[in-house]
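Comments concern the structure below.
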Amino acid sequence: MFTLVRSPQVKRAAGWTAMLFGLVAFFLVLTFPYDVLQARILAEVSSRTGVEITADQWEIAWPFGLGWRGVSLFTEDNVRVQMDELRVTVNAASVLTGRLAADLVASLSGDALTNGGRATVRVTSDSWSGNGTVSVAGRIEHLPLSALGFQAVRRGRLSVEFAQRWEGNSSAGGTGGMEGTWTIDMADVSIEQMASGQIRLPSITLAHARMTLQCRADVCRIQEFTGDGADGFFHGDGQVTLRRPFRNSTLALSISVTPSPAFAQRAAASGLPLAAAGAPMRVSVNGSIAQPQFSVT
4 MFTLVRSPQV KRAAGWTAML FGLVAFFLVL TFPYDVLQAR ILAEVSSRTG
54 VEITADQWEI AWPFGLGWRG VSLFTEDNVR VQMDELRVTV NAASVLTGRL
104 AADLVASLSG DALTNGGRAT VRVTSDSWSG NGTVSVAGRI EHLPLSALGF
154 QAVRRGRLSV EFAQRWEGNS SAGGTGGMEG TWTIDMADVS IEQMASGQIR
204 LPSITLAHAR MTLQCRADVC RIQEFTGDGA DGFFHGDGQV TLRRPFRNST
254 LALSISVTPS PAFAQRAAAS GLPLAAAGAP MRVSVNGSIA QPQFSVT
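Using this note's numbering, read the sequence shown as starting at 4 and increasing by one per residue.
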């Protein structure tokens, strides 16, 4: 039987090596350029998304993280999303190799009708300059629909699961080289009465609605669009052609709607007579998101 004998010289060398690595890590933490990093993160997100970001204060989350409080996101469409807190943790190994890998966790502010939600996002990039492939994947839970600026929406909660990537150095307005998948769930939705041309749609309530999209370049194809509630149920498909600002994006949807007796009665009272409650009808939606046009057959 052989016995492994460690000489004092070997032990001493191992000790010095461990101390050296410990000192390198310690001074890296102390001298890491957090001011530059937090400014770069906000600037990069704004550049990639076209969203203006402000924060009341920021702080260091040791060892390689940053946190912001009182965060506001503003878009060209006057959409404003409030976050009580946003925390970003950067993978130190990715920084040393010139890449970016970061995890974002946000606590979303609620409104008068709903509690706040939560967002978790993973961002990876081939370089800090944005050249190469940039990937973003994550989930947003219980975002109040009122935050999205749709005036007809009285209440509702939105949850989104997504995976998006860009190839090359795409700007905020560019969609070339972009592809991704999105799954959108909405719950407890209430929409006020709307007018479209000669058609006046009565108020609508939905217990649940779901949409899945496959996006490539500037076109997102809606592969599934379903919903149900006290006013009936629907299913359909179509596509969205992306434009800037987002409210100028155009719709081309075909939806089969089976109204409930209560909805059919309200529709008749608003001047939109339906064939019969429980009888499917076809609704086409075209035009911009800001001013959609409806037709019923």
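Positions of the beta carbon are idealized from the N, C-alpha and C atoms, including for glycine.
The continuous beta strand (DSSP E) containing residue 295 extends over residues 295–299.
In this structure residue 215 does not touch residue 170 by the C-beta definition: roughly 23 Å separates them, more than the 8 Å allowed. For residue 168, same chain residues with a beta-carbon under 7 Å away, outside a window of 5 residues either side, are 136, 137, 138, 182, 183 in chain order.
The straight-line gap separating the alpha-carbon atoms of residue 74 and residue 151 is approximately 16 Å. Of all alpha-carbon atoms in 61, 64, 107, 291, the one lying nearest the alpha-carbon of residue 127 is that of 107. The alpha-carbon of residue 143 is positioned some 39 Å away from that of residue 279. For residue 247, there is no enclosing beta strand (DSSP E), as DSSP marks it with neither H nor E.
The Cβ atoms of residue 195 and residue 160 lie no closer than 7 Å to each other. Note on residue 59: under 16 other CB atoms within 10 angstroms of its CB, so exposed under the neighbour-count rule.
Take residue 104, set aside five residues on each side of it, and the residues of its chain with a beta-carbon closer than 6 Å to its own are 94, 97, 127, in chain order. In the structure shown, the three-state DSSP call for residue 205 is coil.
As for any beta strand (DSSP E) of minimum length 3 sitting wholly inside the segment 126–169, the runs are 136–147, ordered along the chain. Using a 10 angstroms sphere on the CB of residue 148, the tally of other CB atoms reaches 16 or more, which defines it as buried.
Remark: C-beta atoms of residue 146 and residue 89 do not approach each other more closely than 7 Å.
For residue 264, the uninterrupted alpha helix (DSSP H) run begins and ends at 264–272, by DSSP. For a cut-off of 8 Å, the C-beta gap from residue 253 to residue 291 is around 6 Å, short enough to register as a contact.
Judged by DSSP in its simplified three-state form, residue 99 adopts helix.
Here the segment 243–257 does not lie against the segment 267–276, with fewer than 3 beta-carbon pairs under 8 Å apart. Per DSSP, the beta bridge partners of residue 183 are 167, 218. Assignment of residue 46 by DSSP, reduced to helix, strand and coil, places it in the helix class. Distance from the Cα of residue 155 is smallest, within the candidate group 56, 70, 208, 283, for 208. Excluding residues up to 5 positions away in sequence, 111, 144, 145, 146 lie with their Cβ nearer than 6 Å to the Cβ of residue 120 in the same chain. In the same chain as residue 185, and ignoring 5 residues on each side of it, the C-beta atoms closer than 6 Å to its own belong to 165, 216, in chain order. Exposure of residue 99 is indicated by the presence of fewer than 16 other C-beta atoms within 10 angstroms of its C-beta.
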